[in-house]
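Start counting the sequence shown at 3; every next residue gets the next number (the working numbering).
Cβ atoms here follow ideal geometry from the backbone N, Cα and C, with glycine treated the same way.
Predicted, not measured: the structure shown is a model, and the values here were computed from it.
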Amino acid sequence: MDARQQRPQPPGPERPAEHGDPVRRRRLPVARPHRQRVLARPAAAVALGGRRRPDADVLQHQRGHDGVHRRSPGRRALRHARRARGTPRPLPAAGGRGVLARPGRAGLRLVAHLLRAAQPLRHHPGGAHRGRDGVAAALADVGRDRDRPGGARVVDVGPPPARPDRDPPDVSHVAATATVGDGGEAPGVRPDHTAHPTHHRPDIQALRALAVTLVVTYHFWPGRVPGGFIGVDVFFVISGFLITSALLRRPPEGLRDLGAFWARRVLRLIPAAALTITVTLAVVWLLRPTAEWAPAARHGLTSMFYVENWRLVSDATDYLRAHATPSPFQHFWSLSIEEQFYVVWPVLVGLGALVDRRLRRNGLAVVGLLAAVTVLSLAASLSLSWSSPAEAYFATPARMWQLGTGGLLAWLVLRRRDRAPATTRGIVALAGLLAVLGSALLITGDTVYPGWAALLPTLGAALLIHADDPDGPLSLRRITHSRPVQLVGDCSYAIYLWHWPLVVLAPAVLGVRRGLALSLALIALTLVVSWLSTRFVENALRPRPGTTYVGRRALVVLTVCSVVVVGLAWAMLRSSESAVQASESRVQDALPTSLEPTCTGAGALDPALDCEEPDELVTTPEFSRGDLPLSVIVGQCISWPPFDELVTCSVGDTTKPERRIALFGNSHAGHWEPAMNAIAAEHHWQVDTYVIGVCQPTTDNAAAPSVDPLQIEACDELVDGAIDRAIADHDLVVMSTLDRDGTSPEVYEATLRRLTDAGVPVLVIRDTPAPLDPDYDTVTCVSEHLDDTAACDGTRQDYLGPDPLTEAADALDSDLITTVDLADHVCRDDVCPAVVGGVIVYADYNHLSATYSATLAPYLEPAVLEAMRSGDAAP
């Protein structure tokens with residue numbers, strides 16, 4: 003008899019007859035809570051065991067395909083179905099009776115409500131997550147397979163999977179494990195069936211190990227691996243690949259999904275980073291001089307909130323700070339770029355997915371948007387690499403293309419149906435490895451970077467990832483799968499965090515130079531601390547698989563870490579500011595109110611004053627760290643690349659000046675601004691500064707070896723404009739420039755002749771003695787030797803070299819040119835002290851401090867007056 007002609011029965015699964023017994027009907031079985039049950043057809047499978055109860059009024063009665071009302075399962079049966087975890091019982095075979103055997107409208111409605119009640123809804127036997135369209139697809143499969151042989155069957159799929167939108171894999175460039183994807187399919191892409199969608203990638207862990215090894219080796223022995231910094235580029239590609247893989251499989255569909263993603267990033271990255279920052283700040287506060295507290299605190303704050311790269315952009319483009327002592331937080335620049343990427347990238351993927359759903363573009367909007375961002379970033383990187391290399395290295399827009407390359411690779415991998423043969427993939431992997439290693443050996447600090455050169459390590463890393471850990475004769479698995487390599491990959495985040503503070507602080511704290519023995523000891527200490535950090539901080543606070551709501555925990559972790567770091571940094575800043583304010587008060591009391599020399603500063607070297615060195619410093623290291631003339635500080639009174647305009651400032655008597663003087667040159671002319679300000683104020687003159695950084699005061703900067711070839715044209719244009727303005731509006735031009743840069747005197751003769759031919763008198767100040775060693779910082783040295791500042795003194799022979807500008811002035815022998823040499827007011831006999839008259843002489847490794855420059859005014863004034871008289875006497 004056909005099932006449609008039988009008397010209606012309550013809906014429920016049936017089981018076939020055993021040993022020839024007739025078919026017996028039974029109610030929906032009570033499932034045991036420790037196993038998961040999934041109703042499946044050959045083409046689809048869906049999980050039962052949800053938490054949400056279907057609407058009671060809908061389930062009270064259902065109409066079957068034969069038109070007879072049937073009572074739905076009661077609350078108890080539904081409760082057991084939602085908690086179903088027991089061993090599945092077989093359902094009727096095809097041709098049997100019951101709703102699930104041959105589902106009509108009643109059966110389909112029941113299945114639909116059970117599916118909506120089920121939790122989770124997205125698990126598929128093939129490993130794919132169907133997302134919110136999975137229910138409709140499953141019902142369609144049920145309808146299509148209704149009459150197939152075999153009917154409905156029950157499949158045991160083990161424990162419920164994690165929610166992909168709330169439990170994405172750890173996919174940062176420093177994650178402890180490399181797990182690709184989250185088990186879902188991207189819109190418009192075909193899944194790669196060659197591997198499990200959430201398979202572990204030991205090859206990516208090995209690539210992490212290689213990247214962090216290159217970075218650490220470069221920091222300890224720069225000469226051995228001159229391009230080891232490209233390890234950061236490899237990290238960028240890995241991050242872009244893994245993050246995008248997860249986002250493409252499960253695009254965020256709202257603020258809740260975005261919040262869950264960002265919360266997991268917080269739990270994944272913040273605790274270990276905050277611990278590193280806190281320990282480093284504590285070491286600086288307890289074991290380093292006060293002068294280092296404020297810079298360390300500021301860098302610690304920017305690192306905590308992942309904007310360190312932008313602070314380094316500012317510092318690297320600042321002429322003074324470009325060669326300053328490295329910050330122990332400088333390596334956070336790459337982590338800052340990645341965290342900014344984690345904020346922006348999910349939003350872009352979500353927007354692209356929204357467009358795809360609205361326009362049914364089958365995933366093209368997502369990949370088009372990501373490709374556009376990648377191409378624009380590459381263009382910005384190439385442009386900035388030539389116009390502003392320092393900004394190009396640290397700026398996020400110039401680095402986003404490397405992360406985007408990994409993202410586009412993720413899209414490509416998700417689209418492929420089958421992998422290439424193992425031999426082919428082995429060749430690809432070897433090519434990628436050679437590209438990465440070749441970059442580390444061939445690229446140097448003199449290479450324009452990122453620029454075109456960054457394509458080599460970036461594409462090499464992409465090839466290694468795309469090869470997907472090949473086996474066969476060309477396989478590297480014996481190395482990449484080894485336990486030491488995998489362990490370094492697991493701890494790569496912590497290794498990257500901890501190694502740089504040890505490189506910077508350990509030699510300074512111990513008071514020794516970093517040799518081979520100390521370097522090896524620091525590497526061993528890095529590995530130990532990194533393993534402890536990974537084991538007890540990183541892994542301990544990481545959300546476990548299956549954890550759903552992590553937003554509250556992430557908020558707590560972020561708040562606690564921020565309070566600790568901000569509180570410690572604030573205390574250090576307050577202590578440093580107190581010392582600076584005390585020094586400012588002493589400076590105001592010690593500096594003369596007129597041009598009469600005193601025993602403070604340069605006057606202490608005057609034999610006529612017979613001064614003794616004071617017992618305490620007038621300018622402390624904390625004060626001298628920022629004791630800079632305005633004409634040396636980028637953003638104040640100095641023109642600086644990209645040279646948009648000629649920057650000028652006016653000092654002295656700017657209300658009704660009797661004379662106007664032009665201070666012209668590079669930053670070594672700029673550090674005379676405090677002295678010229680004092681002289682001009684005394685005589686009611688106005689001084690206009692025409693200070694052009696990284697340029698020489700000539701219209702032939704191509705002949706100046708110290709000038710960047712990329713800036714030659716801009717330098718010549720600005721210098722030409724400055725000379726024209728000096729001739730037109732000023733009664734005297736005061737010039738000075740950096741000596742010992744290899745420029746010949748003939749290069750400056752044209753500038754001097756142009757000024758004198760126009761009848762403008764010129765005063766040439768010989769460049770002052772200075773260490774000119776970028777690895778040496780006078781303020782840091784004094785702060786470390788407060789009891790014996792003589793340890794920071796230099797010699798006149800080392801500090802003073804030939805001055806081509808003065809030689810050019812002497813060669814012209816013009817009555818309108820006056821020269822002055824104040825080296826005897828900086829050095830005593832053959833010694834050039836770091837501290838004179840209680841004032842620290844240099845603000846860095848080559849510029850006079852503003853306070854010491856002001857104390858030189860009494861000794862510069864006679865030369866200025868003489869030069870002014872020469873102009874008055876000219877016909």
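Cutoff 7 Å; reference isoleucine 272; Cβ partners in own chain excluding five residues on either side: As a working mapping, residue 272 is identified with position 270 in the sequence shown. Excluding positions up to five away in sequence, the list reads Val559, Leu560 and Cys563.
For tryptophan 687, the residue or residues it bridges with in DSSP: Translated into positions along the sequence shown, residue 687 becomes position 685. Bridge partners of tryptophan 687: Arg661.
Same chain, Cβ closer than 8 Å to leucine 575, five either side skipped, listed in chain order: Position 573 of the sequence shown holds residue 575. Trp295, Ala296, Ala299 and Arg300.
Ignoring anything shorter than 4 residues, give me the alpha helix (DSSP H) runs that lie fully in the segment 408 to 454, in order along the chain. 424 to 444
Measuring alpha carbon to alpha carbon, tell me which of Trp687, Arg479 and Gly370 ends up nearest arginine 427. As a first step, residue 427 is located in the sequence shown; it is residue number 425 there, counting from the start. Residue Arg479 is the option with its Cα nearest to arginine 427.
Provide the residue span of the alpha helix (DSSP H) that contains threonine 246, from first to last. Residue mapping note: residue 246 aligns to position 244 of the sequence shown, counting from 1. Element bounds for threonine 246: 233 to 251.
Whole angstroms are fine: how far does the CA of phenylalanine 334 sit from the CA of alanine 859? Looking up residue 859 in the sequence shown gives position 857. Looking up residue 334 in the sequence shown gives position 332. Spanning the two alpha carbons is a distance of roughly 43 Å.
So is aspartate 846 in contact with chain E if we call contact Cβ pairs under 7 Å? Although the question refers to chain E, the structure presented lacks it and comprises just one protein chain.
Would you tell me roughly how many angstroms separate the C-alpha atoms of proline 659 and leucine 607, rounded to the nearest one? Walking along the sequence shown from the start, residue 659 turns up at place 657. Walking along the sequence shown from the start, residue 607 turns up at place 605. For proline 659 and leucine 607, the distance between alpha carbons rounds to 33 Å.
Report back the beta-carbon spacing between aspartate 769 and aspartate 805 to the nearest angstrom; my notes put them in contact at under 8 Å. Counted from its first residue, the sequence shown places residue 769 at position 767. Counted from its first residue, the sequence shown places residue 805 at position 803. Contact holds; Cβ gap of about 5 Å.
Taking Cβ to Cβ, would you say isoleucine 232 is nearer than 7 Å to valine 567? Counting from one through the sequence shown, the residue named residue 232 turns up at place 230. Counting from one through the sequence shown, the residue named residue 567 turns up at place 565. Cβ atoms of isoleucine 232 and valine 567: not closer than 7 Å.
Quick check: cysteine 601 and glycine 796, are their CB atoms within less than 7 Å of each other? Taking the sequence shown and counting its residues from 1, the one referred to as residue 601 is at position 599. Taking the sequence shown and counting its residues from 1, the one referred to as residue 796 is at position 794. No.
May I have the straight-line CA-CA distance separating serine 785 from proline 291, to the nearest angstrom? Position 783 of the sequence shown, counted from the first residue, corresponds to residue 785. Position 289 of the sequence shown, counted from the first residue, corresponds to residue 291. Taking the straight line from one Cα to the other gives about 6 Å.
Roughly how many angstroms separate the alpha carbons of alanine 869 and valine 766, rounded to a whole number? Numbered from its first residue, the sequence shown carries residue 869 at position 867. Numbered from its first residue, the sequence shown carries residue 766 at position 764. Cα to Cα, alanine 869 sits roughly 9 Å from valine 766.
Find out if the Cβ-Cβ distance for the pair glutamate 675, serine 633 is shorter than 7 Å. By 1-based counting over the sequence shown, the position of residue 675 is 673. By 1-based counting over the sequence shown, the position of residue 633 is 631. The answer is yes: Cβ separation under 7 Å.
Might you give, ordered along the chain, the residues of its own chain that have their beta carbon closer than 6 Å to the beta carbon of tyrosine 854, omitting 5 neighbours on each side? Translated into positions along the sequence shown, residue 854 becomes position 852. Same-chain partners within the cutoff: Gly603, Val841 and Val843.
Are there three or more Cβ pairs, one per stretch, closer than 8 Å when the segment 368 to 375 is compared with the segment 260 to 270? no
What is the DSSP secondary structure of alanine 693, reduced to helix, strand or coil? Here residue 693 refers to the residue found at position 691 when the sequence shown is read from its first residue. The sequence shown places valine at residue 693, not alanine. Looking at valine 693 - three-state DSSP - the assignment turns out to be strand.
May I ask you to report which of helix, strand or coil DSSP gives valine 309? On the sequence shown, residue 309 is found 307 positions in, with the first residue counted as 1. Reduced to three states, the DSSP call for valine 309 is coil.
Under 6 Å: does the beta carbon of glutamate 684 sit that close to some heavy atom of the ligand NAD? As for the ligand NAD, it is missing from this structure, which has no ligand bound.
Terminal residues of the continuous alpha helix (DSSP H) containing isoleucine 206? Looking up residue 206 in the sequence shown gives position 204. Looking at the DSSP string, the run of the alpha helix (DSSP H) that includes isoleucine 206 is 204 to 222.
Using only the alpha-carbon positions, how far apart do isoleucine 497 and alanine 825 sit? Residue 497 sits at position 495 when you count from the first residue of the sequence shown. Residue 825 sits at position 823 when you count from the first residue of the sequence shown. Taking the straight line joining both Cα atoms gives about 48 Å.
Tell me which residues share the same chain as isoleucine 339 and place their Cβ nearer than 7 Å to its Cβ, disregarding the 5 neighbours each side in the sequence. By one-based count along the sequence shown, residue 339 stands at place 337. The residues are Asn311, Thr398 and Arg401.
With distances taken Cα to Cα, identify the nearest neighbour of serine 389 among Pro773, Asp646, Ala677 and Ser669. Here residue 389 refers to the residue found at position 387 when the sequence shown is read from its first residue. Nearest option by C-alpha distance: Asp646.
Would you check if the distance between the CB atom of tryptophan 403 and the CB atom of serine 387 is smaller than 7 Å? The count along the sequence shown starts at 1 and reaches residue 403 at position 401. The count along the sequence shown starts at 1 and reaches residue 387 at position 385. No, these two residues do not count as a Cβ contact at 7 Å.
Exposure of valine 736, with buried meaning 16 or more beta-carbon neighbours within 10 Å: On the sequence shown, position 734 is the one that residue 736 refers to. When all chains shown are included, valine 736 counts as buried.
Evaluate asparagine 703 with the Cβ neighbour count: other Cβ atoms within 10 Å of its Cβ, from every protein chain shown; 16 or more gives buried, anything less gives exposed. The residue you call residue 703 lines up with position 701 of the sequence shown. Label assigned to asparagine 703: buried.
Suppose contacts are defined by Cβ-Cβ distances below 7 Å. Is leucine 458 in contact with alanine 437 by that definition? The count along the sequence shown starts at 1 and reaches residue 458 at position 456. The count along the sequence shown starts at 1 and reaches residue 437 at position 435. Contact flag set, yes.
How many whole angstroms separate the CB atoms of threonine 407 and threonine 376, which I take to be in contact at a CB cut-off of 8 Å? If you number the sequence shown from 1, residue 407 lands on position 405. If you number the sequence shown from 1, residue 376 lands on position 374. Indeed they touch by this definition, with Cβ atoms about 6 Å apart.
Suppose you measure from the CA of glycine 654 to the CA of alanine 677; what does that come to, to the nearest Å? Position 652 of the sequence shown, counted from the start, is the residue given in the question as residue 654. Position 675 of the sequence shown, counted from the start, is the residue given in the question as residue 677. Each residue's alpha carbon lies about 10 Å from the other.
When the Cα atoms are used, what is the spatial distance from alanine 810 to proline 330? In the sequence shown, residue 810 corresponds to position 808, counting from 1. In the sequence shown, residue 330 corresponds to position 328, counting from 1. Using only the alpha carbons, I get a separation of about 44 Å.
Going by Cα to Cα distance, which pick from Gly365, Leu443, Arg313 and Leu512 is closest to valine 286? In the sequence shown, the residue the question calls residue 286 occupies position 284. Closest by alpha carbon: Leu512.
CA-CA distance, arginine 742 and glycine 803? Translated into the one-based positions of the sequence shown, residue 742 becomes position 740. Translated into the one-based positions of the sequence shown, residue 803 becomes position 801. Near 6 Å, if we compare the C-alpha coordinates of glycine 803 and arginine 742.
Beta-carbon proximity of threonine 621 to serine 585, cut-off 7 Å: The residue you call residue 621 lines up with position 619 of the sequence shown. The residue you call residue 585 lines up with position 583 of the sequence shown. Yes.
Check for me: the alpha helix (DSSP H) holding serine 738 runs from which residue to which? Here residue 738 refers to the residue found at position 736 of the sequence shown. Segment 734 to 738 is the beta strand (DSSP E) holding serine 738; no alpha helix (DSSP H) there.
Nearest candidate by alpha-carbon position, reference alanine 374, set Thr691, Trp347 and Gly605: Sequence index remark: in the sequence shown, residue 374 carries index 372 (1-based). It is Trp347 whose Cα lies nearest to the Cα of alanine 374.
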